[in-house]
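Undergrad: From first to last, the protein sequence lines are chains C and X. Here the first sequence is numbered in the working numbering, starting from 1 and rising by one per residue. Here the second sequence is numbered in the working numbering, starting from 139 and rising by one per residue. We put the CB at the ideal spot given by N, CA and C, even for glycine. I have a structure I would like to understand better, so I am pasting it below and will then ask my questions one at a time.
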Amino acid sequence: MNEPKIRVLIAKPGLDGHDRGAKVVARALRDAGMEVIYTGLRQTPEMIADAALQEDVDVVGLSILSGAHMTLIPRVLELIRANQQEHVKVFVGGIIPNEDIPALLQLGVVKVYGPGTVTDEIIRDIRAQLSSSEFSEK
Amino acid sequence: MRLKEKLVLGSLVGSVRDGNRLALARLLSQVENNTPEGKECLNALFPYTGKAHLIGITGAPGSGKSTLLNQLAYTFRHPPEGEQARRVAIVAVDPTSPFSGGAILGDRVRMRELAGDPDVFIRSMAARGSLGGLASRTAEVVQVFDAAGFEIIFIETVGAGQNEVDIARLAHTTIVVETPGTGDEIQAIKAGILEIADILVINKADSPLVDNSEFALRSMLDMAPIGTDYYHSMEMRNNPGLNSPKDWQIPILRTVATERQGIDALYQTIQSHAEFLQESQEWIERERVNLQTILDNLIQNSLIDQWRKSISNDVYQTVLESLISRQTSPYQALQILMKGVLP
Ligand SMILES: Nc1nc2c(ncn2[C@@H]2O[C@H](COP(=O)(O)OP(=O)(O)O)[C@@H](O)[C@H]2O)c(=O)[nH]1
Ligand SMILES: [Mg+2]
Chain C
1 MNEPKIRVLI
11 AKPGLDGHDR
21 GAKVVARALR
31 DAGMEVIYTG
41 LRQTPEMIAD
51 AALQEDVDVV
61 GLSILSGAHM
71 TLIPRVLELI
81 RANQQEHVKV
91 FVGGIIPNED
101 IPALLQLGVV
111 KVYGPGTVTD
121 EIIRDIRAQL
131 SSSEFSEK
Chain X
139 MRLKEKLVLG
149 SLVGSVRDGN
159 RLALARLLSQ
169 VENNTPEGKE
179 CLNALFPYTG
189 KAHLIGITGA
199 PGSGKSTLLN
209 QLAYTFRHPP
219 EGEQARRVAI
229 VAVDPTSPFS
239 GGAILGDRVR
249 MRELAGDPDV
259 FIRSMAARGS
269 LGGLASRTAE
279 VVQVFDAAGF
289 EIIFIETVGA
299 GQNEVDIARL
309 AHTTIVVETP
319 GTGDEIQAIK
329 AGILEIADIL
339 VINKADSPLV
349 DNSEFALRSM
359 LDMAPIGTDY
369 YHSMEMRNNP
379 GLNSPKDWQI
389 PILRTVATER
399 QGIDALYQTI
409 QSHAEFLQES
419 QEWIERERVN
429 LQTILDNLIQ
439 NSLIDQWRKS
449 ISNDVYQTVL
459 ESLISRQTSP
469 YQALQILMKG
479 VLP
């Protein structure tokens, strides 16, 4: 049996113009031994949920700078649940005003990262989330 | 293993056959991780395989393989009048970082046109240390798609090297993608890879160097017409299904994948190749090669495992040490290990 790898989808919903931050995170996760499916700019919530399904990921990381997070993120979560992928952990990064964070967590987002987050923290959080639930002993 | 499997085994196989995408996605993970459950499902699904047209696409990173696949798959979904749309799966293999064991799988970035189509399924695979352009479980993943009723299965290789012959053993049709450059470059790229091509594509034909490249490729093909010794290296002779048979003239097609140019011609050529394979019996020959390769690989791995278990680690280490200190030659070491006792 091969050792299962943590599979992560990194996606940028909405109309943001660049994906530097998302790429930094993608590389950091790869360097931490994860398999990162990278989908690029301007993804619709439907595209993201469908990719998460096809790739059977454990984690979805959404990067949003555009300010449209309060419409895009609930939709992504809803579609992921509709696909019966409730076990998927959803993380959010980007520019999210503090006052919006509680609502996002309430909806089921595991954690929201602001600008300047060190990637080690994200890696630690992903591992902790998966070891406590979906990933049993290898 | 993962606990997230909510579907039990028996129903997993049934659900996959019924077109349940979640079940398919999970089974692909089981197969990729080579779990006992995955193997059992493969056994149950195997009788349903052997229907799909397997199409490999190889060529250097950045040559446009994923962009081409996006367009090609779209054409198979939306074919010209009078032709049937086919269900399409894509298996895209990317390299695993040898340092971390992680990978960035970025082929979906180029496959936007296929999003939202319930009869398209794209799966990214990390090579996970396997050499030769495919992951060690790519053949099995392809079997699952085949049994799930996908009629066209594209396999995009890593595209890193000269030794990407594995794809020719797996696929019915192998497309080799080149990009315009000087003739010298092409010469250097692939003395080895041209001979696995059934179809040669010069992508990025929007470059002014395209005429040079086509000329260089043509003269390489002319210099080594099918059936000469150049093509019938030892390996080819032992694996008759590996190279193009005599009466298929390897076509050279120009494409500009980003502009959808040349895609319809490529689509038609793929269809012609499938017909050719069927009519010439080469299809069956290639299936033989594919299955024999799978079997031989399994035998190899399982014999190594068995032998490893049968020999004591002490004996192995002692022989290894004596090899490293150059008191025993590799062949002598082998002899000792095959006997299993120290002299
Ligand atoms: N100019 C030009 N660029 C292309 C063409 N096809 C692909 N590209 C670009 O080449 C780059 C690599 O393409 P990709 O499909 O990812 O290549 P792969 O690594 O072989 O899968 C991308 O930026 C594409 O947009 C083409 O026909 N002409
Ligand atoms: Mg690619």
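1) Count the other CB atoms, across all protein chains shown, that sit within 10 Å of the CB of C/GLY61; report buried if there are 16 or more and exposed otherwise.
2) Just the Cα atoms here: how many angstroms apart are X/GLY270 and X/SER149?
3) Taking C-alpha atoms, which residue in X/GLY197, X/PRO236, X/GLY202, X/ARG307 lies nearest to C/THR35?
4) Whole alpha helix (DSSP H) runs in the region 197 to 242 of chain X with 4 or more residues, listed along the chain?
5) Tell me the rounded alpha-carbon separation between X/LEU206 and X/LEU480.
6) Once the 5 residues before and after X/ALA471 are set aside, which same chain residues still bring their CB inside 7 Å of it?
7) By the criterion of Cβ-Cβ separation under 9 Å, what are the contact partners of X/VAL247 in chain C?
8) What residue ranges within the region 47 to 79 of chain C form continuous beta strand (DSSP E) runs of no fewer than 3 residues, ordered along the chain?
9) Measuring alpha carbon to alpha carbon, tell me which of X/LEU332, X/ALA273, X/GLY239 ends up nearest X/ALA354.
10) Please classify X/GLN430 as buried or exposed, where buried requires at least 16 neighbouring CB atoms within 10 angstroms.
11) Relative to the C-alpha of X/ILE340, which residue among X/PHE184, X/ALA198, X/PRO233 is closest?
12) What are the boundary residues of the beta strand (DSSP E) that X/SER262 is part of?
13) Please tell me whether X/SER238 and C/ASP31 are closer than 8 Å, where the distance is taken between their beta carbons.
14) Considering just the uninterrupted stretch of the alpha helix (DSSP H) at X/THR276, what are its terminal residues?
15) I want to see whether chain X comes within less than 8 Å of C/ASN83, judged by CB atoms only; does it?
16) Taking Cβ to Cβ, would you say X/LEU160 is nearer than 8 Å to X/VAL169?
17) X/THR213: buried (16+ other C-beta within 10 angstroms of its C-beta) or exposed?
18) Measuring from the CB of X/LYS203, is there a heavy atom of ligand 2 at a distance below 7 Å?
19) If the cut-off is 9 Å on Cβ atoms, which residues from the region 274 to 297 of chain X count as contacting chain C, listed in chain order?
20) Please tell me whether C/VAL118 has its Cβ less than 8 Å away from any Cβ of chain X.
21) Are the region 64 to 83 of chain C and the region 103 to 123 of chain C in contact at 8 Å, needing three or more beta carbon pairs?
TA: Let me lay it out:
1) By one-based count along the first sequence, residue 61 of chain C stands at place 61. It is buried - the Cβ of C/GLY61 has at least 16 other Cβ atoms within 10 Å.
2) Residue numbering aside, residue 270 of chain X sits at position 132 when the second sequence is read from its first letter. Residue numbering aside, residue 149 of chain X sits at position 11 when the second sequence is read from its first letter. Cα to Cα, the separation comes out at about 35 Å.
3) On the first sequence, residue 35 of chain C is found 35 positions in, with the first residue counted as 1. Reading the sequence as shown, one finds Glu at residue 35 of chain C and not Thr. Residue X/PRO236 is the option with its Cα nearest to C/GLU35.
4) 203 to 215
5) Against the second sequence, residue 206 of chain X aligns to sequence position 68. Against the second sequence, residue 480 of chain X aligns to sequence position 342. Going by the C-alpha atoms only, they are around 57 Å apart.
6) Along the second sequence, one-based indexing puts residue 471 of chain X at 333. For X/ALA471, where only same-chain residues beyond five positions count, the Cβ hits under 7 Å are VAL457, LEU461.
7) Along the second sequence, read from residue 1 onward, the residue named residue 247 of chain X stands at position 109. Correct list: TYR38, THR39, GLY40, LEU41.
8) 59 to 64
9) For the purposes of this step, residue 354 of chain X is taken as the residue at position 216 of the second sequence. Ranking the options by Cα distance to X/ALA354, first place goes to X/LEU332.
10) Numbered from its first residue, the second sequence carries residue 430 of chain X at position 292. Exposed: under 16 other Cβ atoms inside 10 Å.
11) The residue given as residue 340 of chain X occupies position 202 in the second sequence. Ranking X/PHE184, X/ALA198, X/PRO233 by Cα distance to X/ILE340 puts X/ALA198 first.
12) Position 124 of the second sequence, counted from the start, is the residue given in the question as residue 262 of chain X. Residues 258 to 264.
13) Taking the second sequence and counting its residues from 1, one reaches residue 238 of chain X at position 100. Taking the first sequence and counting its residues from 1, one reaches residue 31 of chain C at position 31. Taking 8 Å as the Cβ cut-off, X/SER238 and C/ASP31 qualify as a contacting pair.
14) One-based indexing of the second sequence puts residue 276 of chain X at position 138. Segment 276 to 285, the alpha helix (DSSP H) holding X/THR276.
15) Working through the first sequence from its first residue, we reach residue 83 of chain C at position 83. Answer yes: the Cβ-Cβ gap between C/ASN83 and chain X drops below 8 Å somewhere.
16) Taking the first residue of the second sequence as position 1, residue 160 of chain X is located at position 22. Taking the first residue of the second sequence as position 1, residue 169 of chain X is located at position 31. Cβ distance not < 8 Å, so X/LEU160 and X/VAL169 don't count as in contact.
17) As a first step, residue 213 of chain X must be located in the second sequence, where it is residue number 75. Classification for X/THR213: buried.
18) Along the second sequence, read from residue 1 onward, the residue named residue 203 of chain X stands at position 65. Checking the Cβ of X/LYS203 against ligand 2 gives yes.
19) SER274, ARG275
20) Here residue 118 of chain C corresponds to residue number 118 of the first sequence, with the count starting at 1. Not closer than 8 Å to any Cβ of chain X, the Cβ of C/VAL118 fails to qualify, so no.
21) yes
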